[in-house]
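There are 2 protein chains.
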Amino acid sequence: MIGPCFQDIVKASERIRSFIHKTPVLYSSSINGILDSKIYFKCENFQKAGAFKFRGASHAVSTLNEILKKKGVATHSSGNHAAALALAATMHNIPSYIVMPENAPRIKKLAVAGYGAKIFYCSSTLEAREQTLKQVVNKTGAIFIHPYDNEKVIAGQGTSALELLDQTPALDIVIAPVGGGGLLSGTAITVKHMSPTTKIFGAEPAGADDAARSFYSGKLIPSLRPQTIADGLLTSLSERTFAIIRQNVDNIMIVREETIIQAMRMIWERMKIIVEPSAAVPFAAVIEHNDLFRHKTIGIILSGGNVDLDHLPF
Amino acid sequence: MIGPCFQDIVKASERIRSFIHKTPVLYSSSINGILDSKIYFKCENFQKAGAFKFRGASHAVSTLNEILKKKGVATHSSGNHAAALALAATMHNIPSYIVMPENAPRIKKLAVAGYGAKIFYCSSTLEAREQTLKQVVNKTGAIFIHPYDNEKVIAGQGTSALELLDQTPALDIVIAPVGGGGLLSGTAITVKHMSPTTKIFGAEPAGADDAARSFYSGKLIPSLRPQTIADGLLTSLSERTFAIIRQNVDNIMIVREETIIQAMRMIWERMKIIVEPSAAVPFAAVIEHNDLFRHKTIGIILSGGNVDLDHLPF
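Listed below in structure tokens is the structure:
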């Protein structure tokens, strides 16, 4: 149950190579000057469908056998995993069925539909989503691809760090945001294996701090009423991602909402790239806990760039 | 008077290499799908000081002899040339003197001051600017670096296209925005020499269409009251840039304000990068005159990314 090993991530990387973007790593002299550190940003905001999620979804779809592929894939999500799975399915010429809450942002509905998925709407409770997904799976025979509690998905997410370490000089610290923990899990397995002296940090909003509380108490404590602008980080760890993170991650840092917004704006203004609030959370940790990062060489996974330009926090 | 030759641009490229960023070329599958063409975007929005202007300014500064360097450099500008010249001067350890209108946006004043320039404020008329600049030059002995009517500056701006052609497959068309014409001039000289079958287009806002009117009438006709959101393109051609453009450019296209905003938003949303309105003008030409560009391979110079996030047009 503990998840993929490093070799699984290497294999995932080969398998998805022709489907994904190898995203660039960017840095900003002015940001490095302000924070007195060297920060390399791995730009998954430039990934297909606008987020790292496309790596995991592509890998999960590509490892289905031909019989399963014909049935298609399904998930419930109103966010980046939905769009990623829809696009991955379309690129493999198989159907996808996405359960979304009726009140999901219009822009997300359009994206998922635009990538070719069939959408099933439900009310916004977790129960309604799971119930609707069950019905869809029963009716279509589609394979449920969980957004993070899935070994193939985690292996796919770990391929971003594989590229990052190849694209940068030796890193003292790698930081990834943590919601359900798929990205942090894959990242940690990769970094621990390829660069054992590099520290691996997760970063999450104070308003959705289940990973930090679980990590430091040693018990899985899901968030009950998470609240944060970082809407990609509202979900809680699963047993699987919690186990991987306990074993491979050095620290989980929490950050305030205002630091997330400040970090996001600084990335937009200084780097001229668009990142969503969730993607700014690791950089917010560098700003808020600057003592720990001064004079360090840091790799940050910028997880995604899907924002609604009509509703910016600044 | 006619300006630099291709060899001057090659030499400029070598001379400024260690000062500038070699900017990436990005593309978007979804944009290519929507417009039924292949578009490569040369990201000068990622250039130091946020715009291609840093190439020309760096080159102009680096070619001064040691005696002139000590005097420093001066210009009048409220825009990207001011920030670029200030930063180039600081990187060469020489002083810079920038004349800016009092009513320039606060964010621009901060940027120019942040790069180490001494700022002289004047009222916003062209006469006041030129008068103040004259006084500054008389007092300090600094060398005036014109934003575009300067052979070294034009040679520097031409280095972006040099990289672009090296980073892309064969291009049918290259498009650059045109304000004073420095970027378009340098681009045209480079492309004409390296790829004689590639067409070179300029693009400008209908509200500041002096280049198109001059190009098609064969007479230099400066804009009297230019008005456009593309604030980097308000200036008019000089005799020098007009002569280079007549000789090397195939077409100047004008675009509507609403298409500029649409193009800017599409680049932000689809490519997850921040470009200023002026930078979106060539892509606006592809949208507005799509018939001419369908099935073509196109290179676009994204000239800059300096926008005030508190005043977005959408």
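Residue numbers (numbering that gives the first Met the number 0), protein chains in the order written: chain G, 0 to 313; chain F, 0 to 313. The beta-carbon is built from N, C-alpha and C at its ideal position, and this holds for glycine as well.
8 Å Cβ cutoff, residue 33 of chain F in contact with chain G: For residue 33 of chain F, not one C-beta of chain G is nearer than 8 Å to its own C-beta.
Within chain G, partners of residue 268 of chain F - CB distance below 7 Å: Within chain G, the residues near residue 268 of chain F are 308.
Residue 284 of chain F versus residue 222 of chain F: straight-line alpha-carbon distance, rounded: Note on geometry: alpha-carbon atoms of residue 284 of chain F and residue 222 of chain F lie some 20 Å from one another.
Positions along the region 248-280 of chain G whose CB lies within less than 8 Å of some CB in chain F: If the cut-off is 8 Å between Cβ atoms, the region 248-280 of chain G has 264, 267, 268, 270, 271, 272, 273, 274 near chain F.
Sequence-distant residues of its chain with Cβ nearer than 8 Å to residue 177 of chain G (five each side left out): Taken in chain order, the residues that qualify are 183, 201, 202, 203, 210, 232, 236, 244, 251.
Simplified DSSP state of residue 45 of chain G, which is helix, strand or coil: In the structure shown, residue 45 of chain G sits in a helix (DSSP, three-state: H, G or I).
Residue 58 of chain F versus residue 110 of chain F: straight-line alpha-carbon distance, rounded: C-alpha separation (whole angstroms): 20 Å.
Short Cβ contact (8 Å threshold) for residue 152 of chain F with residue 144 of chain F: Yes.
Cβ neighbour criterion (16 or more within 10 Å) applied to residue 4 of chain G: Exposed, by the Cβ-count rule.
Contact check, residue 206 of chain G vs residue 49 of chain G, beta carbons under 8 Å: It is not a contact, given that the beta carbons lie outside the stated cut-off.
Alpha helix (DSSP H) segments (min. 4 residues) lying fully within the region 242-311 of chain F: Counting only runs of 4 or more, we get 256-270, 276-287.
For residue 307 of chain F and residue 101 of chain F, the rounded distance between their alpha carbons: Per the coordinates, the alpha-carbon of residue 101 of chain F lies some 17 Å from the alpha-carbon of residue 307 of chain F.
8 Å Cβ cutoff, residue 45 of chain F in contact with chain G: The Cβ of residue 45 of chain F sits closer than 8 Å to at least one Cβ of chain G.
Beta-carbon neighbours of residue 313 of chain G, restricted to chain F and to distances below 9 Å: Listed by position along chain F, the residues whose Cβ is nearer than 9 Å to that of residue 313 of chain G are 308, 309.
Segment limits, alpha helix (DSSP H) that includes residue 155 of chain G: Residue 155 of chain G -> alpha helix (DSSP H) spans 150-156.
Neighbourhood of residue 73 of chain F by C-beta distance below 8 Å, restricted to the same chain and skipping five residues each side: Counting only residues of its own chain and dropping the five nearest sequence neighbours on each side, residue 73 of chain F has a CB closer than 8 Å to the CB of 95, 96, 97, 98, 132, 135, 136, 139, 141, 142, 143, 144.
Those runs of the beta strand (DSSP E) which lie wholly inside the region 79-153 of chain F and span at least 3 residues: The region 79-153 of chain F contains these whole beta strand (DSSP E) runs: 95-100, 117-121.
Three-way DSSP call (helix, strand, coil) for residue 20 of chain F in this model: In this structure, residue 20 of chain F counts as coil in the three-state DSSP scheme.
Bounding residues of the alpha helix (DSSP H) (the contiguous stretch that carries residue 202 of chain G): Unbroken run through residue 202 of chain G is the beta strand (DSSP E), 198-204; no alpha helix (DSSP H).
Residue 220 of chain G in three-state terms, based on DSSP: In this structure, DSSP gives residue 220 of chain G a state outside helix and strand, which the three-state scheme calls coil.
Buried versus exposed call for residue 54 of chain F [16 or more other C-beta atoms within 10 Å across all chains shown]: Under this definition residue 54 of chain F is a buried residue.
Cβ of residue 115 of chain F within 8 Å of any chain G Cβ: No, because no Cβ of chain G sits closer than 8 Å to the Cβ of residue 115 of chain F.
C-beta neighbour in chain G for residue 179 of chain F, strict 8 Å: No - not a single Cβ of chain G is within 8 Å of the one on residue 179 of chain F.
Residue 39 of chain G to residue 213 of chain F span [Cα, whole Å]: Taking the straight line from one Cα to the other gives about 46 Å.
is_contact[residue 185 of chain F, chain G] using C-beta, thresh 8 Å: No, residue 185 of chain F lies away from the interface with chain G (no Cβ there is under 8 Å from its Cβ).
Rounded separation between residue 276 of chain G and residue 192 of chain F - CA only: When rounded, the distance between both Cα atoms is 45 Å.
Residue nearest to residue 90 of chain F in terms of C-alpha spacing, selected from F:47, F:313, F:188: Of the listed residues, the one whose Cα sits closest to residue 90 of chain F is F:47.
Nearest to residue 196 of chain G (by Cα), restricted to the options G:117, G:107, G:248, G:272: Distance check between residue 196 of chain G and each of G:117, G:107, G:248, G:272 places G:248 closest, using alpha-carbon atoms only.
Residue from F:286, F:302, F:301 with nearest C-alpha to residue 35 of chain F: When C-alpha distances from residue 35 of chain F are compared across F:286, F:302, F:301, the shortest belongs to F:286.
Nearest candidate by alpha-carbon position, reference residue 228 of chain G, set G:160, G:256, G:238: Restricting attention to G:160, G:256, G:238, the CA atom closest to the CA of residue 228 of chain G is found in G:256.
Identity of the residue in F:219, F:161, F:127 nearest residue 9 of chain F by Cα: The option with the nearest alpha carbon to residue 9 of chain F is F:161.
Closer than 9 Å at the beta carbon, the chain G residues around residue 23 of chain F: The CB of residue 23 of chain F comes closer than 9 Å to the CB of 23, 25 in chain G, given here in chain order.
Contact list for residue 304 of chain G against chain F, beta-carbon separation under 8 Å: Correct list: 271.
For residue 314 of chain G, the residue or residues it bridges with in DSSP: Because residue 314 of chain G is not part of the residues shown, which for chain G are 0 to 313, the question remains open.
Under 7 Å (Cβ pairs) to chain F, residues found in the region 58-81 of chain G: Those residues of the region 58-81 of chain G that come within reach of chain F (Cβ to Cβ, closer than 7 Å) do not exist; the list is empty.
Contact belief for residue 78 of chain G with residue 309 of chain G at Cβ below 8 Å, rounded distance in angstroms: For residue 78 of chain G against residue 309 of chain G, the beta-carbon gap comes to about 17 Å, at or over 8 Å, which does not count as contact.
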